[in-house]
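Those protein sequence lines, which keep their order, are chains A and B. Note that the first sequence covers residues 1 to 485 in our numbering. Note that the second sequence covers residues 1001 to 1293 in our numbering. All residues carry an ideal CB built from backbone N, CA and C; glycine is no exception. Everything below concerns the one structure shown next.
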Amino acid sequence: MAKNKKTEGIEWNYSPSLEGTSHIQLNKKYELFIGGKFVKPHSGKYFDTINPATGEVLASIAHADESDVDKAVKAARKAYNEVWKNMPGKERGKYLFRIARLIQDRAREFSVIETLDAGKTIRESRDVDVPLAANHFFYYAGWADKLEYAFPNRKMESLGVAGQVIPWNFPLLMAAWKIAPALACGNTVVLKPAETTPLTALKLAELFRDAGLPDGVVNIVTGYGDTGEAIVRHNDVDKIAFTGSTPVGKKIHEIAMETGKKCTLELGGKSANIILDDAPVDQAVEGIVNGIFFNQGHVCCAGSRLLVQESVADLVIKKLKDRIQSLIVGNPLDKNTDIGAINSEKQLNTINNYIKLGIAEGAEMYQPDCTIPANGFYCKPTLFTNVAQSSRIAQEEIFGPVLTIQTFRTVDEAIQKANNTPYGLAAGVWSDKGSRLFNLTSRLNAGVIWGNTYNRFDPSSPFGGFKESGYGREGGVHGLGAYLK
Amino acid sequence: MSRLEIIKTYKIYIGGAFPRTESGRYYTPVNPKGEKLGNICLCSKKDAKNAVVAARKAVGGWSERAAFNRSQILYRIAEMLEGRKAQFTEELVLQGATPKEAEKEVLLSIDRIVYYAGWCDKISQVTGSVNPVSSSHFNFSVYQPVGVVGIVADQSTSLIGLVSQVIPVIASGNTVVVLASEKQPLCAVTFAEVINSSDVPGGVVNILTGNPDEPASVLGAHMDVNAILLGADLADLNASLRKSSALNLKRVFELKADWNQEDAQGLYHITDFMELKTTWHPVENIGGSTSSY
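So this is what it looks like as structure tokens:
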């Protein structure tokens, strides 16, 4: 339902514009994808994946245990030794190109399923997640037979079996970020999608089968943290790639350190979005909104700390409040919707607890006057002003549509505040002057820095963090380094 | 009348100064013949903390220097070492090397510093990229130094291991806290004097002596250390540093080689201790005129 907007007694409603779901193919039950086949889990256990926008059950999903993971790793090892390792790069690349094309063919189906399972808006699934996933396969496809050009004077060798664990915020896109470079470099894969969003990875498994990808090259095992841990700890897994929270990342780092497995981690963040006094204000306000409310704020690099130069703070905050008053929170399948559903009840509780904490810490909260659907998990876009640098809401990752706002007087103060965090994933800077942008971008300690934009991604652009935001890069030529000796 | 020789006091190197260990402790390593090498500082946890503070303070100034300037300063280190060849050779011989081995080690150390001096202003050209993104942005990726690096130096050599492990790490703009070879510490301290006279700002290189266990435990747990180089063949120590690295996700690299080999060097010894930063800079895109006009 589009929300009601009242202006001087006249109600201006958007007509609903729902994306149809009739063309998608979804089974009632999904098994594990091991060695090119869908097989039942050893334990016989299944769990439900639900639509967070409504609470309705979408499908029943197999829960893999240690023995299933072992089977998947064996299948991956077999495929590595017998097929994939020795296949000419040219041929490996052709499979990846084919996969990219098949995703493009089925983009609408993938978009709708992604929106149903994750709660993200259909506009985002359709325009960002799915095309980027396809593009990622297409980009790395071209690398498969050119690896010797990637790193000068380095001998290129694949690692073996890669164990990959991905989060629920960009289910298909993260699968693509993990699988495409791994395969391009000649590795085989065991991947675990998040328990709340397994569907597009399983659809991707069907697509791999349709593409004729040799059995066992990619294995997809669904489950909870225990399944992920079984992958990470498995003796025959050579490389671990994880995207998720910093606390879990630290545990995985410890396991990698113990076992000597190669590891890359893409973890949390508390990224600063810095508005200088000469910034184009209206454009910056759009950037702030896109920085924190894109994907309901479920973005590791979300611009969750707004730093505004004092002289323009009143204006920016006023315009920002006006702008979020016009955001539509609602059914993710509606093309009018700006902010969809929170991914799970658990995450909604986490966000609400942080909102309560912010109020208790003495910060001033602002939420627009808007309605949210009665069923499903939703959170209004939320601003906090009067936030101290030491506030927990300014220090900890909330992973929801909650923005803290702080001000600064000098550029030095902005840099200090922005860098004063254990994280270092991303930052945004808004200014009309190129030389000012470069001054800040060169002094901010983060892996990705956006000038006059935010939350932009591209397969050719390396992504990844400094400090406790993890290590290793995904995307671009540097992304190959994670999957080569 | 014979002249009474002046014996050198071996001290540690923190923040550009040569203090004794704050603990007041010493140890007396001996060479294979059983001769005493001197009273050497047995460094403490507090020394390591002081060294990290000095190293952090030096990161900004060192990393923001022009790469070309760092290159010249590294070359200056080689010049200073060249001028003191005899002293290092003598110390290596005292610690058990043959004169021939000692000379070879010193000369290779000098050449290795020159090798890395030449890298400073080429790293970003060889390892960076301009990324052809689909939107109207100038998108580029370049490596920058990771920050403060803790180094447990090679324990089996006195000079070449230390040089091979420290120089590539500072070449990019990092600062380091180095735990020298416990049994052969002389060249590390004398190398600190070379560093001190080479325009390397204080705090960029900090060198501690003694049993590495205590100071290493501080480096491993310190939240202001960004990376650890495991350069020694000490299994237990390495394992404990690996474990404590999880506290703040220190980057850990084990770097072992036969440092006396000519080819025990390379670009990736530098980039291991760097972080890739990708910048999206806006490009105005108005109107329809193209460059082919």
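Sheet register partners of residue i (DSSP bridge)
i	result
A:Cys263	A:Ile240
A:Asp145	BP columns for A:Asp145 are empty, so no partner.
B:Met1080	Per DSSP, none; premise fails for B:Met1080.
A:Ile50	A:Val57
B:Cys992	Residue 992 of chain B is absent from the model: chain B starts at 1001 and stops at 1293.
B:Asn1206	B:Val1177
A:Lys385	Note on identity: in this sequence residue 385 of chain A is Thr, with Lys being the wrong assignment. Bridge partners of A:Thr385: A:Glu364.
A:Gly470	A:Glu266
B:Met1274	B:Pro1145
A:His334	The question names His, but residue 334 of chain A in the sequence shown is Asp. According to DSSP, which records beta bridges pairwise, A:Asp334 is partnered with A:Leu18.
B:Pro985	In the structure as shown, chain B begins at 1001 and stops at 1293. Residue 985 of chain B is therefore absent and cannot be evaluated.
A:Gly228	Its beta-bridge partners do not exist; DSSP assigns none.
A:Ile405	A:Leu306
B:Glu1254	B:Leu1230
A:Gly35	Per DSSP, none; premise fails for A:Gly35.
B:Gly1220	Bridge partners of B:Gly1220: none, in fact.
A:Trp450	A:Gly428 and B:Trp1280
Integer Cβ distance of residue i from residue j, believed to fall under 8 Å
i	j	result
A:Gln104	A:Ala144	Contact doesn't hold; Cβ gap of about 19 Å is too wide.
B:Gln1165	B:Gly1210	No, B:Gln1165 and B:Gly1210 are not in contact; Cβ-Cβ is about 18 Å, not under 8 Å.
A:Val329	A:Lys380	6 Å
A:Ile405	A:Ile317	6 Å
B:Val1059	B:Gly1147	6 Å
Interface partners of residue i on chain B, CB under 7 Å
i	result
A:His136	The contacting residues do not exist; A:His136 stays about 12 Å from chain B at best.
A:Asn452	Pro1282
A:Pro152	Val1126
A:Lys250	Ala1246 and Leu1249
A:Pro280	Ordered by position in chain B, no residue passes the 7 Å Cβ test against A:Pro280, which lies about 10 Å from the chain.
A:Pro422	Asn1248
Amino acids of chain B, ordered along the chain, whose beta-carbon sits closer than 8 Å to that of residue i
i	result
A:Ile449	Lys1277, Thr1278, Thr1279 and Trp1280
A:Glu468	Asn1248 and Leu1249
A:His253	Ser1245, Ala1246 and Leu1249
A:Arg456	Val1133, Ser1135, His1137 and Trp1280
A:Phe463	Thr1278
Interface partners of residue i on chain A, CB under 9 Å
i	result
B:Ser1172	In chain order: nothing, as chain A lies at least about 14 Å away.
B:Arg1056	The premise fails here: B:Arg1056 is roughly 13 Å from chain A at the closest Cβ pair, so nothing lies under 9 Å.
B:Tyr1115	Ordered by position in chain A, no residue passes the 9 Å Cβ test against B:Tyr1115, which lies about 14 Å from the chain.
B:Arg1112	Here the premise fails: no neighbours, minimum Cβ distance about 17 Å.
B:Tyr1268	Phe151, Asn153 and Arg154
Per-residue contacts from residue i into chain B (C-beta, under 9 Å)
i	result
A:Ser549	Given that chain A is displayed from residue 1 to residue 485, the structure contains no residue 549 of chain A and the question cannot be resolved.
A:Tyr378	None at all; the shortest Cβ gap to chain B is about 31 Å.
A:Tyr471	Leu1249, Arg1251 and Glu1275
Cross-chain neighbours of residue i in chain A, by beta carbon under 8 Å
i	result
B:Val1252	Met257
Neighbouring residues, chain A, relative to residue i (Cβ below 7 Å)
i	result
B:Arg1003	The premise fails here: B:Arg1003 is roughly 53 Å from chain A at the closest Cβ pair, so nothing lies under 7 Å.
heavy atom of the ligand HEM below 8 Å from residue i C-beta
i	result
B:Ser1244	With respect to the ligand HEM, the structure offers nothing, as it holds no ligand at all.
* Asked: Quick one: any contact between the segment 1109-1117 of chain B and the segment 1076-1091 of chain B, if contact means 3 or more CB pairs under 8 Å?
  -> yes
* Can we say the segment 119-139 of chain A touches the segment 171-181 of chain A, given the rule of at least three CB pairs closer than 8 Å? -> yes
* **Residues of the segment 1216-1236 of chain B whose Cβ lies closer than 9 Å to any Cβ of chain A, in chain order** => Met1223 and Asn1226
* To do: Identify each residue in the segment 473-484 of chain A for which the Cβ-Cβ distance to at least one residue of chain B is less than 7 Å, and report them in chain order.
  => Listed in sequence order: Arg473, Gly476, Val477 and His478.
* Does the count of Cβ pairs from the segment 25-41 of chain A and the segment 147-165 of chain A closer than 8 Å reach three? -> With the rule of 3 Cβ pairs closer than 8 Å, the segment 25-41 of chain A does not count as touching the segment 147-165 of chain A.
* Asked: Which residues, in chain order, does the segment 429-448 of chain A contribute to contact with chain B at a C-beta distance below 9 Å?
  -> Gly434, Leu437, Phe438, Thr441, Ser442, Arg443, Leu444, Asn445, Ala446, Gly447 and Val448
* Taking a cut of 8 Å between CB atoms, which residues from the segment 1045-1076 of chain B lie near chain A? -> Those residues of the segment 1045-1076 of chain B placed with their C-beta closer than 8 Å to a C-beta in chain A do not exist.
* Asked: What are the residues of the segment 159-173 of chain A that lie near chain B, defined by any Cβ-Cβ distance shorter than 7 Å?
  -> none
* Asked: How about the segment 44-64 of chain A and the segment 220-238 of chain A: do they share at least three Cβ pairs that are nearer than 8 Å?
  -> yes
* To do: Could you say if the segment 30-37 of chain A and the segment 208-218 of chain A meet the contact criterion of at least three C-beta pairs nearer than 8 Å?
  => The segment 30-37 of chain A, when compared against the segment 208-218 of chain A, does touch it at the 8 Å Cβ threshold.
* To do: Examine the Cβ distances between the segment 43-59 of chain A and the segment 373-387 of chain A and report whether three or more of them are shorter than 8 Å.
  => The segment 373-387 of chain A and the segment 43-59 of chain A touch, with three or more beta-carbon pairs separated by less than 8 Å.
* **Three or more C-beta pairs below 8 Å linking the segment 1059-1076 of chain B and the segment 1242-1256 of chain B** => no
* **Residues of the segment 1006-1028 of chain B with Cβ closer than 9 Å to any Cβ of chain A, in chain order** => none
* Asked: Is there contact between the segment 1014-1024 of chain B and the segment 1196-1205 of chain B, where contact requires at least three CB pairs shorter than 8 Å?
  -> yes
* Asked: Is the segment 1275-1285 of chain B touching the segment 1135-1155 of chain B in the sense that three or more CB pairs, one from each, lie closer than 8 Å?
  -> yes
* Touch test, the segment 1001-1016 of chain B against the segment 449-459 of chain A, Cβ-Cβ under 8 Å, three pairs minimum -> no
* For the segment 1173-1188 of chain B and the segment 1140-1156 of chain B, state whether three or more C-beta atom pairs, one from each stretch, are separated by less than 8 Å. => yes
* chain B contacts made by the segment 75-86 of chain A, where a contact means CB separation under 9 Å -> none
* Is the segment 178-193 of chain A in contact with the segment 93-100 of chain A, if contact means three or more CB pairs nearer than 8 Å? -> Taking 8 Å as the limit for Cβ pairs, the verdict is that the segment 93-100 of chain A does touch the segment 178-193 of chain A.
* Given 8 Å, three or more beta-carbon pairs between the segment 410-417 of chain A and the segment 277-286 of chain A -> no
* If we count Cβ pairs, one from each stretch, closer than 8 Å, do we get three or more for the segment 196-204 of chain A versus the segment 109-120 of chain A? -> As far as the Cβ criterion goes, the segment 196-204 of chain A touches the segment 109-120 of chain A, which means the pair count is three or higher.
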